[in-house]
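Below is one structure, written out as structure tokens, with a few remarks after it.
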Amino acid sequence: MGQIVFAGAMSHVLDPEYYERACGAAGRRAVEQCMAAVARMGGRFSASQPDALIVVADDHLNAFSFNAVPALCVRIGREVQRMTQDHAEAFDRVLDHMPPRYALHEELANQILEQGLAAGFDLALSWEAPVDHAFLSPVNTMHGTRAIPPLVPIWVNCFVAPQPTARRCFAFGRHIARVVSANPWRVGIIATGGLSHFPELSLPRVGETDSAFDRKLIHCMERGEHDALLELTGDELHKAGEHEFLNWMVLIGAVTPAPADVRYFGELPRINLAAVEWRLG
Ligand SMILES: [Fe+2]
0 MGQIVFAGAM SHVLDPEYYE RACGAAGRRA VEQCMAAVAR MGGRFSASQP
50 DALIVVADDH LNAFSFNAVP ALCVRIGREV QRMTQDHAEA FDRVLDHMPP
100 RYALHEELAN QILEQGLAAG FDLALSWEAP VDHAFLSPVN TMHGTRAIPP
150 LVPIWVNCFV APQPTARRCF AFGRHIARVV SANPWRVGII ATGGLSHFPE
200 LSLPRVGETD SAFDRKLIHC MERGEHDALL ELTGDELHKA GEHEFLNWMV
250 LIGAVTPAPA DVRYFGELPR INLAAVEWRL G
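Residue numbers are given in numbering that gives the first Met the number 0: position 89 of the sequence shown equals residue 88, and the series is strictly consecutive.
Here it is, written out as structure tokens:
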């Protein structure tokens with residue numbers, strides 16, 4: 000029987016140069032500590048001898064566009080390419096140093112997609128969307144020079160209203176857990192982004208965070224109190240700069256009621272950096 004052998008969530012701009020420019024020496028120090036925690040999590044993931052890694056992240060309106068904004072999208076096919084952009088955001092420049100192509104776990108992705116549709120999740124699919132820093136910064140920081148197992152990238156629409164609800168993301172995570180348990184593979188899952196921050200899309204609030212809201216979320220994750228998280232509304236998440244927590248809700252649904260351990264939490268003026276790992280029974 001298949002098993003989720005690792006679950007972790009982390010911020011996804013993991014670039015000391017970026018934070019040095021944005022927040023000075025304290026920014027560099029904080030993200031280096033966060034990256035060290037993510038790398039240690041990656042060591043534990045690799046030691047679990049995984050067959051696949053599901054990566055739940057959000058689109059930053061660079062893989063997709065206002066032409067179509069999928070609520071939940073599964074990347075299928077045999078491999079995925081690193082995003083290249085002529086006018087990359089500063090935090091996507093870090094991609095230049097990363098491998099350009101990544102194997103996908105085609106069968107796991109297909110099952111999540113096909114059985115998801117059968118179960119009532121109207122999932123979008125993509126054969127050709129590339130992956131940006133939200134996927135590749137955490138994946139490469141986790142692995143360093145070690146081999147990366149086949150990926151299953153999944154996008155959640157965190158930015159463009161109306162987003163899927165926290166409850167729906169959690170339910171989709173439950174679906175992923177059912178697919179994994181019905182197959183023979185050892186699977187890791189990570190969710191990326193956050194915690195509280197306001198991106199360029201919310202320009203007037205760039206530089207603000209809501210640490211009290213972060214602590215509320217962390218409290219619930221540490222205790223496995225997931226019912227409270229199901230009640231989070233889009234409005235609350237938006238006001239607290241927690242839009243990317245929807246990615247984390249998918250992961251929480253996949254591992255509930257497992258409690259979490261905080262491996263790193265650090266407040267910066269620009270964003271609160273975090274790395275969290277779940278204790279799987
Ligand atoms: Fe982001």
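Every residue, glycine too, gets a C-beta built ideally from N, C-alpha and C.
Note that the coordinates shown come from a computational prediction; the quantities given were computed from them, not determined experimentally.
(message) Just to confirm before moving on: does the CB-CB distance between Leu281 and Ser136 stay below 8 Å?
(response) The question about residue 281 has no answer here: the residues shown for the chain are numbered 0 through 280.
(request) Taking the CB atoms as reference points, tell me whether Thr140 and Val205 lie closer together than 8 Å. (result) Going by C-beta atoms, Thr140 is not nearer than 8 Å to Val205.
(request) Please work out which residues of its chain come closer than 7 Å, Cβ to Cβ, to Trp126, disregarding the five sequence neighbours upstream and downstream, and give them in chain order. (result) Around Trp126: Ile75 and Gly76.
(message) Please classify Phe5 as buried or exposed, where buried requires at least 16 neighbouring CB atoms within 10 angstroms.
(response) Flag for Phe5 reads buried.
(request) Go through the residues and name those whose CB comes closer than 7 Å to any heavy atom of ligand 1, in chain order. (result) Selection output, chain order preserved: His11, Val12, Asp57, His59, Ala133, Gly192, Pro198 and Glu243.
(request) Leaving aside the five residues before and after Pro268 along the sequence, list all residues of the same chain whose C-beta is less than 7 Å from its C-beta, in chain order. (result) The beta carbon of Pro268 sits closer than 7 Å to those of Cys22 and Gly206, all from its chain and outside the five residues before and after it, given in chain order.
(message) Contact defined as beta carbons within less than 8 Å: I believe Asp131 pairs with Leu94. What is the distance between those atoms, to the nearest angstrom?
(response) A Cβ-Cβ distance of about 7 Å is found for the pair Asp131 and Leu94, placing them in contact under the 8 Å criterion.
(request) Return the first residue and the last residue of the alpha helix (DSSP H) that Pro15 is part of. (result) According to the DSSP assignment, Pro15 belongs to the alpha helix (DSSP H) that extends over Pro15 to Ala46.
(message) I'd like to know if the stretch 158-171 and the stretch 61-71 are in contact, where contact means that at least 3 CB-CB pairs between them fall below 8 Å.
(response) Put simply, the stretch 158-171 touches the stretch 61-71. At least three CB pairs are less than 8 Å apart.
(message) Less than 8 Å between the C-beta atoms of Ala56 and His11, yes or no?
(response) Closer than 8 Å, so yes.
(request) Would you mind stating whether Val261 and Val275 have Cβ atoms separated by less than 8 Å? (result) Val261 is a Cβ neighbour of Val275, given a cutoff of 8 Å.
(request) Give the DSSP-derived three-state secondary structure of Asn156 in the structure shown. (result) Note: Asn156 maps to coil in three-state DSSP.
(request) Determine the contact status of Glu243 and Phe212, defining contact as a CB-CB distance below 8 Å. (result) The Cβ-Cβ distance between Glu243 and Phe212 does not fall below 8 Å.
(request) Go ahead and pull the three-state DSSP assignment for Met9. (result) If DSSP states are grouped into helix, strand and coil, Met9 belongs with the strands.
(request) Provide the residue span of the alpha helix (DSSP H) that contains Phe171, from first to last. (result) Judged by DSSP secondary structure, Phe171 falls within the alpha helix (DSSP H) whose first and last residues are Ala165 to Ser180.
(message) Does Asp58 pass the burial test, meaning 16 or more other C-beta atoms within 10 Å, or should it be called exposed?
(response) Buried, because 16 or more other Cβ atoms sit within 10 Å of the Cβ of Asp58.
(request) Could you spell out the range, first to last residue, of the beta strand (DSSP E) harbouring Glu266? (result) Start and end: Ala259 to Glu266.
(message) Using 8 Å for Cβ pairs, my map puts Trp247 next to Ala190. What's the rounded Cβ distance?
(response) Rounded to the nearest angstrom, the Cβ distance from Trp247 to Ala190 is 5 Å, consistent with a contact under 8 Å.
(request) Rounded to whole angstroms, what's the CA-CA distance from Glu224 to Ala123? Just pull it up for me. (result) Approximately 30 Å between the Cα atoms of the pair.
(message) By alpha-carbon positions, which one of Ile175, Gly280 and Trp277 ends up nearest to Val249?
(response) Residue nearest to Val249 within the set Ile175, Gly280 and Trp277 is Ile175 (criterion: CA-CA distance).
(request) In the DSSP assignment, find the alpha helix (DSSP H) that holds Leu216 and state where it starts and stops. (result) For Leu216, the uninterrupted alpha helix (DSSP H) run begins and ends at Ser210 to Arg222, by DSSP.
(message) Taking a contact to mean a Cβ-Cβ separation below 8 Å, would you say Cys33 touches Leu216 in this structure?
(response) Their beta carbons are not under 8 Å apart, which means Cys33 does not touch Leu216 by this criterion.
(request) Measure the Cβ-Cβ separation of Arg145 and Gln48 and say whether it is below 8 Å. (result) Judged by their CB atoms, Arg145 and Gln48 are not nearer to each other than the 8 Å cut-off.
(message) Once the 5 residues before and after Asp149 are set aside, which same chain residues still bring their CB inside 6 Å of it?
(response) Correcting the residue identity first, residue 149 is Pro in this sequence and not Asp. Within the same chain, Pro149 has close Cβ partners Ala51, Ala102, Leu103 and His104.
(request) Check the C-beta distance from Ala133 over to Gly192 and give it rounded, since I have them as a contact under 8 Å. (result) Correct: roughly 6 Å between the Cβ atoms.
(request) Using 10 angstroms around the beta-carbon of Met9, count the other beta-carbons present and answer buried if the total reaches 16, otherwise exposed. (result) Buried is the label assigned to Met9, since at least 16 other Cβ atoms lie within 10 Å of its Cβ.
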